[in-house]
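Participant:
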Amino acid sequence: MKKLLFALLFLPILSFSQQHISGVLVDVKTKETLPFANIITNNNQGTITNVDGKFILESDKEITEIQISYIGYETKKIAITKNTSFIKIELKQNIESLNEVVITNAENPALRIIRNAIKNKKKNNIETALNSFKFKAYNKLLVTANPDSISGEIDSIYKIKNGIKQFVKLDSSNYKFKKEIDRHHLYITEKIAEHTFEIGKKKKETVLASRMAGFKNPIYEVLALNIQDFSFYNETYTVAGTKYINPIANNALKHYDYQILDTIKNENGNSYMIHFMPIKKEKTAGLEGVLYIDSQSYAITSAISELRSIIDVKATQEFDFIDDKNIWFPTETHITIRKGKNKNGIKLFGGMIGFSNSKPDSTMTNTSNKDASDISYFSSKTKHFDIEINTPVTVKKSANTIEIVDEAYDRNEAYWNTYRTDSITKRGKETYVVIDSIAEKEGVEKKVALARGLMKGKFATKYVDLDLGKIINVNNYEGLRIGFGGITNSNFSKKYRIESYVAYGTKDKDFKYHFGGAIRLNRNSNTWIGASYTNDIKEVASLDFIAENNSFLGLNPRNMNISKFYNYKATNILLEHDIQPNFEAKLKLSAGKYTPKFNYQYISNSNLLNDYNLTTATLGLQYNPKSEYMNSPIGKTRIKNAYPQYTLQITKNFDNLLDSDFDFTQVNFKINHQIKRVNAATTTFLIQGGIVFGEAPISHLYNATPNYTYKSPWVKRITFAGKNSFETMGYNEFISDKYVMLQVKHKLFKRLKISEKVKPQITMVSRAAIGDIKNPINHTGFTFKTMNKGYFESGIEINQIYKGLGLSTFYRYGSYQNTEWSNNLAVKLTYRLSLGF
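So the sequence shown is numbered by the numbering used here: it starts at 25 and just counts up by one.
#1: Across the stretch 607 to 616 and the stretch 738 to 752, are there enough close Cβ pairs to call them in contact, namely three or more that are closer than 8 Å?
#2: Do the CB positions of Thr752 and Tyr855 come within less than 8 Å of each other?
#3: Tell whether a beta-carbon distance below 8 Å holds between Thr729 and Phe750.
#4: Ignore the nearest five residues each way along the sequence and tell me which others in Leu633's own chain have a CB closer than 7 Å to its CB.
#5: My assumption, with CB atoms under 8 Å, is that Gly313 sits in contact with Ile324. Please give the rounded CB distance.
#6: Leaving aside the five residues before and after Gly830 along the sequence, list all residues of the same chain whose C-beta is less than 8 Å from its C-beta, in chain order.
#7: For Asn148, which of helix, strand or coil comes out of DSSP?
#8: For Glu600, count neighbouring C-beta atoms within 10 Å of its own C-beta (all shown protein chains included) and say buried if the count is 16 or more, exposed if not.
#9: By DSSP, does Ser656 sit in helix, in strand, or in coil?
#10: Which ranges would you report for the beta strand (DSSP E) in the stretch 546 to 628 if only whole runs of at least 3 residues count?
#11: Quick one: what's got a C-beta closer than 8 Å to Val429's C-beta in the same chain, skipping five residues either side?
#12: Taking 7 Å as the limit between beta carbons, can you name the residues of its chain near Asn241, skipping five residues before and five after?
#13: Have a look at Lys278, Tyr433, Thr551 and Asn414 and flag the residue whose alpha-carbon is nearest the alpha-carbon of Leu247.
#14: Would you mind sorting Gly616 into buried or exposed? The rule is 16 or more other CB atoms within 10 Å of its CB.
#15: DSSP on Gly477, reduced to helix/strand/coil?
#16: Classify Pro649: buried if its beta carbon has 16 or more other beta carbons within 10 angstroms, exposed otherwise.
#17: On the three-pair Cβ rule with 8 Å, is the stretch 509 to 528 touching the stretch 475 to 494?
#18: At 3 residues or longer, and completely inside the stretch 791 to 825: list those beta strand (DSSP E) runs for me, N to C.
#19: Pairing CB atoms from the stretch 129 to 142 with CB atoms from the stretch 282 to 297, are three or more of them under 8 Å?
#20: Tell me which residues share the same chain as Leu613 and place their Cβ nearer than 6 Å to its Cβ, disregarding the 5 neighbours each side in the sequence.
#21: In this structure, what does DSSP give as the bridge partners for Glu502?
#22: Could you tell me the alpha carbon to alpha carbon distance between Val716 and Gly754, rounded to whole angstroms?
#23: Figure out for me which residue from Leu49, Tyr726, Ala542 and Ser736 has the closest Cα to the Cα of Lys116.
#24: For Tyr282, which of Met301, Lys289, Thr65 and Ala273 has the nearest alpha-carbon?
#25: What residues in its chain sit with their C-beta under 6 Å from that of Tyr261, if we drop five residues either side in the sequence?
#26: Run through the DSSP bridge pairs and tell me what Gln712 is partnered with.
#27: Checking contacts by CB at 8 Å: is Tyr667 closer than that to chain C?
#28: Whole angstroms are fine: how far does the CA of Lys228 sit from the CA of Ser566?
#29: Residues in the same chain with beta-carbon distance under 7 Å from Tyr439, minus the five sequence neighbours each way, listed in chain order, please.
#30: Do you know offhand how far Ser723's Cα is from Tyr636's?
#31: Here's a check: name, in chain order, each residue in its chain whose Cβ is nearer than 7 Å to the Cβ of Thr16, leaving out the five neighbours to either side.
#32: If contacts are defined as beta-carbon pairs under 8 Å, then Ile411 and Phe345 qualify, I think. What distance do you get, rounded to the angstrom?
#33: Going straight from the alpha carbon of Met788 to that of Tyr653, what length do you get?
#34: Would you mind sorting Lys813 into buried or exposed? The rule is 16 or more other CB atoms within 10 Å of its CB.
#35: What residue from Ile413, Asn258 and Ser93 has the CA that sits closest to Gly70's CA?
#36: Throw me the rounded Cβ distance for the Ala705 and Phe773 pair, which I believe falls under 8 Å.
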């Protein structure tokens, strides 16, 4: 979802300046470019050259002179005129200055500085050194271009034939683009927020005002995009939504080379300029840049990070020294993204953007060497103000890391002008007018709402979100299951919801249905109470959790081979409540009739029960301690899915209450954990299981989620793999009233390159389970085994070989290994949906 939202904003933006100067810095003799040199204007505006020795200066004040300094070179001053737009600067080496920085022993002096910066992180990091802080922030996000960067002339396009240029047509796109960009940016959003922090809790952002060009109703998820990290002291640093190893991480010296560039003055004395770059050169762009480190406290005073690839990313962070607190506080972050010239891939929001091998028509040429995509860029700048340190602050429900006030999208211009740290220009105001008009004409809001719903398996209409998972399903009992259902959305009501579905099986020729409704009692705690009635079927001995809101979706391929179901007709009362945003509770009271749809009887006190009544109370708890959430006018949204995740469910069935036939207590649990490394290798762990106290029917036992059939010939056994199922375990081969399973998956960080188009992802998988049943003779009508000796399988997945399709193979071993080796082998198809962004 994050990638989709970012793609909607990144179209093919800083305000128009009076003066725009670009240039390049080179060695006068070698002509090699000089990266990360200091450039200061007569207005004390500063910048540094990038990794290619290039720089850009933009200023509302007239620039008449610039001074360039670079370690080992003579400082140089150059006069600038109003007509200067590009300048090539050549520097001479200064032998005396160079001798001062020659390393005379084995130790690089930059390493000592970096080690001290790492050692002093705790006292320099405001989130560990301070008890509390509070500040306001103004953010402006633009997609724009500098009007002076593109020619306004009408271009001519030629075709080269037999070495001769032949005129084809006139191209006025650059002329039209310059006229438009003179008038307005390509896109703009603004945000005003208050940030609060209390030690021991997460930093919280309260959005006070927000504007998004083209949207009457905001895309709240955009406000949660982590384009650039607030802190530069974590083990990883986020740039363009992707995590990189921080150059002052505890293990940073294993990943980066460092070099002292210069020493400059700061508010507290001097700062070392330290250049960092990856030790290993990869095909994917790595983080490179400059750290300004205070010579006394070894705190970061400024940081510049760059990624150079087919897209160039530059992230800067500025700090101000708070004298009475003796700490450097972050005051500004700025990130720009523009078209690059390097063919290396780059990761944006965790997804890879690579270089296409397709080549433009080499026979076509034009008189202009730039188009709109060459000079357009994305810019997001945030300035912090009204900073308060160690004043009393109370952060409530810190797992809600973003809170959006109801009136945030209805602020008037007077409110905005009160908090803007960068006044909006005429171009900025015109951008809102133009984009609002275009968006309304093109129906952009409807398209975004549709895309947002599809990411969640819903098809959004004005008042109802249709559930795509209810449309088609296939299983051995119903055959083709055709259905229709949905739930009302916030346009219908923010306080009430109605849900329903109906389905029909072509094989069992029977209808199933569900209807219900709920009312919201409290928005802050996401408290709902509702009632429903369900007449449907469910797989026997399956394990699910009400807190996870799992439904019988057609997207689960293992459903196709399930044959043993039971029907249940139940009336339900449901209470939902968030103890904390990351600690959800659901209480479900249910009474109904259960009928197995296969040959099954339960022996109870010498009586055979073909069907039975249950009256249950189920408490489901979901605790995700590290996940983060956003509370907006449309409700709670998870914005960071973090691990570990804990699920607990307790079900009590009451004997003789509303004709209930059983007395048992069932306890189920699940623990999900994921270790995701910066190099993209991922290891996931799943532990789940349950136990039943008392006598329970087949519906409330455990089958360990099997996904294997013993069909003949063997090739018929090749089906789709499940998500977390035992691929070599036969359906209902084992039944338990107590069991536990463990699954470990390790996804390799590098794809296996077979060809330019075939680069599968390799994942290694191992699963184990153990279980038992107390009175198996009470369950009659079909045969099953116990697995008290332990069940084991291992395999490998070769995913995304072609258009999301892949192949996996698993082998069964241990005490329950079959005598025929082919009955231990499972070959399955896999599918991973990729939306291409």
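Note that beta-carbon positions come from the ideal geometry of N, C-alpha and C, so glycine has one too. On a predicted model such as this, the values are computed, not experimentally measured, just so you know.
Facilitator: In brief:
#1: No: the two stretches stay apart, fewer than three of their Cβ pairs being nearer than 8 Å.
#2: The Cβ atoms of Thr752 and Tyr855 lie no closer than 8 Å to each other.
#3: Yes, the Cβ-Cβ distance between Thr729 and Phe750 is below 8 Å.
#4: Excluding residues within five positions, the ones whose Cβ falls inside 7 Å are Gln625, Tyr626 and Asp685.
#5: So it is not a contact: roughly 12 Å between Cβ atoms.
#6: Pro784, Gln785, Glu821, Ile822, Asn823, Gln824, Leu853, Thr854, Tyr855 and Arg856, listed in sequence order.
#7: Helix.
#8: By the 10 Å Cβ count, Glu600 comes out buried.
#9: Of the three classes helix, strand and coil, the one that applies to Ser656 here is strand, per DSSP.
#10: Runs found: 551 to 563, 589 to 604, 607 to 620 and 625 to 628.
#11: Here the set comprises Thr230, Val231 and Leu232.
#12: Around Asn241: Glu469.
#13: That would be Tyr433, whose Cα lies nearest to the Cα of Leu247.
#14: Buried, by the Cβ-count rule.
#15: Gly477: helix per DSSP, three-state reduction.
#16: Under this definition Pro649 is an exposed residue.
#17: The count of Cβ pairs closer than 8 Å, one atom from the stretch 509 to 528 and one from the stretch 475 to 494, reaches three, so the stretches are in contact.
#18: Within the stretch 791 to 825, there are no complete beta strand (DSSP E) runs of at least 3 residues.
#19: Touching, yes.
#20: Here the set comprises Ile597 and Ala641.
#21: Answer is none; Glu502 lacks a bridge partner.
#22: Approximately 23 Å, taken between the alpha carbons.
#23: Nearest of Leu49, Tyr726, Ala542 and Ser736 to Lys116, Cα basis: Leu49.
#24: That would be Met301, whose Cα lies nearest to the Cα of Tyr282.
#25: If we look at Tyr261 and ignore the five residues flanking it on each side, its Cβ neighbours are Asp253, Tyr268 and Asn270.
#26: The partner list for Gln712 (beta bridge, DSSP) reads Lys694 and Met765.
#27: Absence of chain C from the displayed structure is noted, only one protein chain being present.
#28: For Ser566 and Lys228, the distance between alpha carbons rounds to 40 Å.
#29: Contacts found: Ala233.
#30: Each residue's CA atom was taken as its position, placing Ser723 and Tyr636 some 10 Å apart.
#31: The question about residue 16 has no answer here: the residues shown for the chain are numbered 25 through 861.
#32: In this structure Ile411 does not touch Phe345 by the C-beta definition: roughly 12 Å separates them, more than the 8 Å allowed.
#33: Each residue's alpha carbon lies about 32 Å from the other.
#34: Result: exposed.
#35: Shortest Cα-Cα distance from Gly70 to any of Ile413, Asn258 and Ser93 involves Ser93.
#36: About 4 Å separates the beta carbon of Ala705 from that of Phe773, a gap short enough to meet the 8 Å contact definition.
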